[in-house]
Amino acid sequence: MLTAGRTDAVLRRYFSDRGTALAACQEMKDSGIRVVLLVVKESLQVPALAASDAGMSGEGYGWLAVMPSSTSPDTSLSALTSSGAEALDGWLLLTMSADMPESSRSAFMTSACRLNLTHYKDKYPEARDLLDKTAGLSLCASPEDIPLTALTAFDSVYSAAFSLSYSGSHEDTNLQKALSAVNFTGITGNVSFSGSSTRRGILHTLWSLRAERDGVQTLQFLRLRISASRPEVHEVVDPGHVRWPGGASGVPSDGFSCGDGYRFDPGSLECRPCAPGFARSSVGSVCSPCPPGTFCDREGCKQCIPCSEGTFQDGSAATSCNECPSGAVTLLRESSSIEDCRCALGFFRLDASTGLECEECPMNGVCPGGGALPLAASGAWGNISITRSVAFRQQNNLTQIHMLQRHLFHLCSKYGGVCRGQCSDALAAAEGNASSCQDTPNICGSGHRGRMCAACEKGYFRMLGKCRQCPPQQYLFVFGGLLAVVLVWFLLNKVVANRYESLSLMLLWLQLATMISSFDMNWHPNLQLIFQLLYVVNFDIDFFTPECIMSSPWTYLNSMLVELFLPLTWLLFNLMTYSLNKLLLRLKDSKAANAVLYVLRMARTEEELASGVDYRVAGTMSFLGITYHTTAIKSLKAFVCTRLPDGSSFLNANPEIVCHSGTHRLYMAFGSIGLVLYSIGMPAAISWILWRGGS
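In terms of UniProt numbering, the sequence shown opens at residue 1 and continues consecutively.
Written out as structure tokens, the structure is:
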């Protein structure tokens with residue numbers, strides 16, 4: 001469709017010189033004007049060159065020059081330079097001549113103007129402002145003024161526009177047919193091209209200009225005659241070979257406004273999709289670059305797409321968004337800076353910086369994300385404040401991260417402790433500052449204290465792996481409990497080990513099962529109570545500790561010494577009963593001695609005493625076998641430590657003891673004695689006895 005550009009940007013400019021003309025052309029081009037109606041008083045040289053310099057000549061731009069008083073344009077065109085003639089290629093030129101006496105011309109023009117202008121403005125109200133701006137004064141006041149010429153030329157221009165739009169072609173046969181079909185009521189009256197007229201009046205001739213080697217060739221396009229007797233027009237069509245470069249089917253109705261996601265390309269006069277990284281959703285000829293925080297990854301975007309969570313874009317005209325550094329996400333969409341990237345849930349940074357890579361949360365820890373530091377998970381113990389120590393800061397960054405991830409938090413149950421920490425991923429994400437998620441070492445369960453919550457508070461004792469409050473009758477309770485444990489051990493050793501071999505094998509199996517529980521294999525919580533109950537068959541003194549009657553806490557050293565001296569105590573007990581039995585046999589003539597022998601069921605003769613030695617030896621060896629597992633494990637635990645992020649370590653069996661300290665060396669000394677005497681000594685002694693007996 002032929003278009004005259006933006007109707008709200010019609011300009012009235014004077015092309016007095018080439019510079020002024022070029023500025024006017026550039027302004028029209030920037031405003032989206034594609035077809036220009038130019039009233040020329042003198043030469044076409046200046047506007048033609050200005051249009052060429054501004055890129056408004058040729059395909060996509062149409063120029064209609066009106067020369068008021070000229071029967072032929074040849075006089076004006078002959079004065080053009082070669083460059084001016086070349087720039088006029090494709091222009092249309094409208095000339096006007098009066099085929100009537102000069103005396104009647106003025107009256108005719110005034111009458112025709114007033115009659116038909118009123119009719120036209122009433123029929124086309126949207127053209128009122130356009131007509132007023134074009135004239136700039138009372139249109140019909142002075143027929144000799146140039147605006148009146150432009151007004152009467154409107155019908156000629158509209159005829160060409162109607163024909164071009166209808167024909168769908170800009171040349172030859174189709175255009176001639178379209179011109180023949182024109183019939184409308186214009187400013188000058190009824191315009192139709194159905195026949196010829198001999199009436200005299202004002203004749204408008206539309207010329208098509210062609211640039212040739214020797215100048216500009218003119219071809220008549222159409223002739224429109226304004227009748228002298230009444231405002232009706234009859235036209236003689238004789239176009240010849242006409243070409244109009246200003247029309248383009250892809251041009252939008254107002255010269256530049258394309259649909260959403262498209263822009264007007266003045267070069268091709270088509271609506272082209274916005275390039276990736278650009279979008280357009282409002283009236284205008286330019287696709288706007290996507291602002292920071294958005295992108296467009298394809299052509300024809302109506303709106304820029306906001307960056308999703310976890311991505312950002314700090315530049316304009318982007319075709320994609322950038323991923324946040326590893327372990328970091330953005331909290332909101334449409335993030336425009338890498339500084340918006342913060343640690344995600346399950347990641348952390350010691351310096352709480354943004355826009356940088358985040359590290360995975362330490363084992364047994366919970367990381368709320370953002371700038372929060374790791375917190376101890378449910379059942380774990382740890383304190384991030386250790387990162388402020390000098391020893392930790394002296395390590396390089398990779399070592400620091402590795403140590404934190406592996407050694408910051410530890411499960412309390414592994415060390416015999418009970419932690420009440422209830423922090424979980426969901427709670428940390430929703431309530432990072434909740435009391436149950438506070439990073440503090442005071443997370444021990446009731447009655448527990450110290451590192452890993454492994455020690456008992458004052459007034460508590462350990463039984464079945466947990467610290468329990470001491471009852472009121474503390475001494476009676478402790479001695480009664482210890483007596484019960486001793487009786488159980490005695491029965492296990494005397495009855496099971498020496499009388500029933502099937503039960504002895506079952507006891508051995510239970511001891512092995514309990515020993516397996518010492519390994520960190522992520523046992524189900526329901527098995528922990530079973531393992532604790534089985535401690536009694538291992539003769540483990542930690543099954544029941546006498547802290548209620550002690551002034552100082554029960555420690556791993558106490559437990560290890562009891563285990564080391566327990567076999568010796570059993571051996572001394574047997575030696576004492578043997579010596580007592582032998583002494584009483586020497587006093588067998590005494591009634592008191594015989595009574596004691598009877599009550600204690602001791603040997604009554606030397607022969608019975610001698611035969612009982614084998615029984616005592618078997619009982620002692622059985623007791624050593626029963627306690628062997630526990631004694632060996634207790635001795636080995638003196639050498640097992642767990643590292644902390646600052647490079648220090650603590651003793652697993654007693655987390656309050658710093659490894660390689662003086663106290664720890666004492667523990668290792670006793671552990672070495674236990675390993676030599678029992679773990680190595682007992683198998684060696686049995687092997688020697690068997691070897692000697694065999695030989």
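Backbone N, C-alpha and C fix where the C-beta goes; we use that ideal spot for every residue, glycine too.
Here the structure is a predicted model, which is why all the values come from computation and not from measurement.
Quick check: residue i and residue j, are their CB atoms within less than 8 Å of each other?
i, j, result
"T95", "T20", "no"
"A23", "L44", "no"
"E339", "G355", "yes"
"A638", "G671", "yes"
"L404", "P645", "yes"
"C321", "C307", "yes"
"G369", "A376", "no"
"F544", "M668", "no"
"G327", "E360", "yes"
"C258", "A275", "no"
"L609", "L571", "no"
"I401", "F392", "no"
"T627", "L566", "yes"
"K634", "G674", "yes"
Can you tell me which of the three DSSP states residue i falls into?
i, result
"L636", "helix"
"S288", "strand"
"L295", "Looking at the sequence itself, residue 295 is Phe, so the reference to Leu does not match. The answer is strand: DSSP assigns F295 an E or B state."
"L80", "coil"
"W63", "strand"
"E357", "coil"
"F544", "strand"
"G671", "helix"
"N364", "coil"
"A595", "helix"
"G450", "coil"
"S43", "coil"
"M463", "strand"
"T627", "helix"
"R34", "coil"
"G370", "strand"
"I443", "coil"
"C25", "helix"
"A20", "Here residue 20 is Thr; the residue named in the question, Ala, does not match the sequence. Here T20 sits in helix by DSSP."
"Q405", "helix"
"C412", "helix"
"D265", "strand"
Hey, is residue i's beta-carbon within less than 8 Å of any beta-carbon in chain D?
i, result
"Y578", "Chain labels in this structure do not include chain D; a single protein chain is all it has."
For residue i, collect the residues of the same chain with a Cβ closer than 6 Å to its Cβ; drop the 5 residues on either side in sequence, then sort them by chain order.
i, result
"T555", "N654"
"C304", "A279, C290, T294, C296"
"S57", "A51, A87"
"C467", "G447, H448, C456, Y460"
"I541", "S559, V562"
"Y475", "I549"
"F573", "none"
"T663", "I657"
"F409", "P362, N364, G365, A376, A380, G382"
Can you name, in chain order, every residue of its own chain whose Cβ lies under 8 Å from the Cβ of residue i, other than the five neighbours on each side?
i, result
"E323", "G310, T311"
"W688", "none"
"L597", "N581, L584, L585, K588, A603, R604"
Excluding the five sequence neighbours on either side, which residues of its own chain have a C-beta within less than 7 Å of the C-beta of residue i, listed in chain order?
i, result
"P553", "A455, C456, E547"
"G450", "P655, E656"
"G18", "The residue asked about is misnamed: residue 18 is Arg in this sequence, not Gly. The residues are V46, L49, A50."
"A54", "L22, C25, Q26, K29"
"R333", "P306, C307, S308, E309"
"G612", "A603"
"G480", "none"
"R272", "Y262, R263, D265"
Would you call residue i buried or exposed, if buried means 16 or more other Cβ atoms sit within 10 Å of its Cβ?
i, result
"P471", "exposed"
"N397", "exposed"
"H660", "exposed"
"T605", "exposed"
"G240", "In this prediction, G240 has a pLDDT of 46, which is less than 50 and means its spatial position is unreliable; nothing more can be read from the coordinates."
"Q313", "buried"
"M67", "buried"
"L690", "exposed"
"S335", "buried"
At a threshold of 7 Å, does residue i count as lining the ligand NAD (C-beta to nearest heavy atom)?
i, result
"S78", "For the ligand NAD, the structure offers nothing, since it holds no ligand at all."
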